[in-house]
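Chemist: Residue numbers (this note's numbering): 329 to 902.
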C-alpha cells in the first residue's frame, strides 16, 4: 500500500454558496410545476387478481431495465468527466451529492406533471415518469463507484497506457472500464435492488391529493397492502421472489462470474467462480454465431469510428489558437444564463418559503433530529455485520458459493414489500413505527455497504494474499495490514451511497399508508411524504432543502475527507 500524509484545507467560500443556490434551484424547479399545475390522474385501476401477476411483473421488469440502461449511460459519461476534469469535478461531485440526497418524492411534481403535459392524451408520460423516478434510485451509487475506481487507478497502469500511446478512448475501454468492472457490477446489482425498493413508490403515488397508478408488481403490492388483502399480498411477494431468483441465476450470477476475469493480480486464484448459465452460453453454437457474425463486426466498426473521432478531436485541440473566439463567448453566455436561473429560482423559492406557518417551521428541527438518529442507527448496525460477512464472501470461494446467491436474492426483495408484515408486528410492540422505520432503512440500504465490501474483497490481488500468508500475517494484523486498507475505498463508496439511501428511505419508512389508514412518526421523511400527498409545496421545499443540506454537509465534512485519504493512502500500486 502507498502511504502518504494528506493535508486538506477547507474553508467556506463562493463555491459553497453557489452549491447551496444549486440545491435550492434544483428543488424549486422540481416542485414548481406542481404549484399551479393541473393534476390529472392516470385513470388506471390496479387489480389484485393474482391472474394479472405475470403481466404486471413483466411491465415492472421492463421499466427497471429501461431505467438501468439510462443509469449505466449516465454513470459512464458523468463519472468519466468528473474523474478527468478537475474544474468540472469541483461542481459535478457536489451536484451528485445533492442529487443522491433528494428523495424520490421530491422529483415527483416536475417529472410527473412535466411529462404528462407533453403527452396529455396518452399514458406515455406516466410511464416515462416511472422510469425516470426508478432511475433516480439506481444511478447515483453506480456513478460514485465508477468515478472512484478511476480516481484510485494505479499510476503504474496509467503510465503504461501512456507508454503504449493509448488515446483517451483506448484508455477508457482497455484500462479504466476493466479496472472498474468489479465494483460497477456489484453496484449494478445494488442499483437493481434499489429499483425494487422504490418500485412501489414509482408505480403508485399520490400528488396533490390525487392518485397516479401504473400496472405493475409494485402497484399490485401497494394496492394489496392498502386494502388489507393478505392473500394477494402473499402471492405478490411470492411472485416477486420468484422473479428475483430467476434474474439472479440468468443475469447477475453469470455477470459476476464474467467480471472475475478483470481482477487485478499477477497470481491466478486457485478456484475460479462458476456459472452454469454462463458455461451454456459460451458453449452455444447460436450465441457463438451471433457474437462472431453480428456483434463483433458492429463493435469493431463502432470502435474504429470512435478511434478516428477521438484522434481527430485531439488534433483539433492541439492546433486550436488561444484567444477570444466564439467558444469563449458561448461559454460566458451559458454562465450568465445559469447564474440567472439560479438567482431567479432562489428568489422564487424564498417567496415560497415565506408562506410557511410558525407551526410548520417549528416541526423542522425535531424532524431533522429524529431522522438523523434513525439514519445513524441503521448505518452503525449495517456496518457491524456487513464488513465481516462481505469480506468472508469476497475472499473465501466456498463461503461465496453458499452465501452469495442467498445474499443476492434477499437483497433484491424490496423491504417496502415486506413492510406491511413488519408493521403489523411492530405497531403494538417494540416502539411502533419509530423502531420499524429503522428496520426498513436498514433493510433497504445495508446492501450498499455489503455489495461494495464484497467487491473490494474480491478485488484484493492474490499476490498480496500470498505475501501476507508467507510472512505469517494472520488474525487482526491481517485485517489491519491487508484487508481494511484494501476494502477501504469500496467501503467508503458503500457508506456514502447507503447514507443517501437511508435518508431517501425515510420517505417510505416514516409515513406509511396501510390497511386504509396512515401511520406516521416524527421525521423529515414523514414531512416530505405528507407534503407531497397534500400538495403543501412550501413544506415540501423546506423539508427537502434541509435533507439535502444535511446530506451534503456530512459528505463535505466527513466523506470527502475520507475520499481524499483513500485516494492518497489506500491506493494499490503494482
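Ideal Cβ placement from N, Cα and C applies to all residues, glycine included.
Taking 9 Å as the cut-off, decide whether the C-beta atoms of residue 822 and residue 776 are in contact.
Modeler: Yes, these two residues count as a Cβ contact at 9 Å.
Chemist: Is residue 858 buried or exposed, if buried means 16 or more other CB atoms sit within 10 Å of its CB?
Modeler: Around the beta-carbon of residue 858, 16 or more other beta-carbon atoms lie within 10 Å, marking it buried.
Chemist: Hey, residue 768 and residue 750: beta-carbon distance below 9 Å or not?
Modeler: yes
Chemist: Is the stretch 468-479 touching the stretch 555-562 in the sense that three or more CB pairs, one from each, lie closer than 8 Å?
Modeler: no
Chemist: Measuring CA to CA, which of 350, 472, 550 and 404 is closest to residue 374?
Modeler: 550
Chemist: Can you list, in chain order, the residues of its chain with a C-beta nearer than 8 Å to that of residue 582? Leave out the 5 residues immediately preceding and following it.
Modeler: 603, 605, 606 and 609
Chemist: How would you label residue 381, buried or exposed, when you count the other beta carbons within 10 angstroms and need 16 or more for buried?
Modeler: Classification for residue 381: buried.
Chemist: Quick check on DSSP: helix, strand or coil for residue 374?
Modeler: coil
Chemist: Between residue 827 and residue 707, which are expected to be in contact by the criterion C-beta below 8 Å, what is the C-beta distance as a whole number of angstroms?
Modeler: 6 Å
Chemist: Sort out for me which residues DSSP pairs residue 837 with in a bridge.
Modeler: DSSP, once it has assigned bridges, lists no residue as partnering residue 837.
Chemist: Determine the closest residue to residue 816 out of 681, 414, 715 and 488, with distance taken between C-alpha atoms.
Modeler: Selected option, being the one with the closest Cα: 715.
Chemist: Thinking C-alpha only, which one of 880, 685 and 889 is nearest residue 423?
Modeler: 880
Chemist: With a cut-off of 8 Å on the beta carbons, I'd call residue 467 and residue 399 a contact; round off their distance for me.
Modeler: 4 Å
Chemist: Helix, strand or coil for residue 425? Go by DSSP, reduced to three states.
Modeler: helix
Chemist: What is the DSSP secondary structure of residue 848, counted as helix, strand or coil?
Modeler: strand
Chemist: Grouping DSSP H, G and I as helix and E and B as strand, with all else coil, what is residue 616?
Modeler: helix
Chemist: Indicate the three-state DSSP secondary structure (helix, strand or coil) for residue 532 in the structure shown.
Modeler: Three-state DSSP puts residue 532 in a strand.
Chemist: Going by beta-carbon coordinates alone, are residue 497 and residue 638 separated by less than 9 Å?
Modeler: yes
Chemist: How would you call residue 611, buried or exposed, if buried means at least 16 neighbouring beta carbons within 10 angstroms?
Modeler: In this structure residue 611 is exposed. Its beta-carbon is surrounded by fewer than 16 other beta-carbon atoms within 10 angstroms.
Chemist: Between 629, 737, 662 and 802, which lies nearest to residue 521 when the distance is taken from Cα to Cα?
Modeler: 737
Chemist: So, residue 504 versus residue 406, is the Cβ gap smaller than 9 Å?
Modeler: no
Chemist: Can you look up residue 539 in the DSSP assignment and give me helix, strand or coil?
Modeler: strand
Chemist: Here's the rule: buried if 16 or more other CB atoms are within 10 angstroms of the residue's CB, otherwise exposed. What is residue 765?
Modeler: buried
Chemist: Assuming contact is defined by CB atoms lying nearer than 9 Å, are residue 677 and residue 869 in contact in what I supplied?
Modeler: Yes, Cβ-Cβ distance for residue 677 and residue 869 is below 9 Å.
Chemist: Kindly indicate the opening and closing residues of the alpha helix (DSSP H) around residue 477.
Modeler: 467-479
Chemist: Rounding to the nearest angstrom, what Cα-Cα distance links residue 874 and residue 700 in this structure?
Modeler: 11 Å
Chemist: Do residue 428 and residue 832 count as a contact pair if the criterion is CB distance below 9 Å?
Modeler: yes
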